[in-house]
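Undergrad: In numbering that gives the first Met the number 0, the protein residues as written are 0 to 50. All C-beta atoms in this analysis are idealised placements derived from N, C-alpha and C, irrespective of residue type, glycine included. Quick one: the structure is below, questions incoming.
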Amino acid sequence: MSLALVGRVHVAEGTVDEVLRAFEQFRAVLAAELGVPPSDRRTGLVAALRH
């Protein structure tokens, strides 16, 4: 399941904290397995949810 789909489901359900948790897991996997950060677009979308 894609991070985008997980995010849309949680936002629709009003569980933004779960979106943030999923993003942090995604970020950790990208760093550990590929050595790269998430895209600026994804980071920006998550930042908007935090505010």
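1) Helix, strand or coil, according to DSSP, for threonine 42 in the structure here?
2) Mark glycine 6 as exposed unless 16 or more other C-beta atoms lie within 10 angstroms of its C-beta, in which case mark it buried.
3) For valine 35 versus leucine 29, is the C-beta distance shorter than 8 Å?
4) Start and end of the alpha helix (DSSP H) containing glycine 6?
5) Roughly how many angstroms lie between the CA atoms of phenylalanine 22 and leucine 48, to the nearest whole one?
TA: Quick look at the numbers:
1) Three-state result, threonine 42: helix.
2) If you draw a 10 Å sphere on the C-beta of glycine 6, you find 16 or more other C-beta atoms in it, and that means buried.
3) yes
4) Start and end: 2-12.
5) 11 Å
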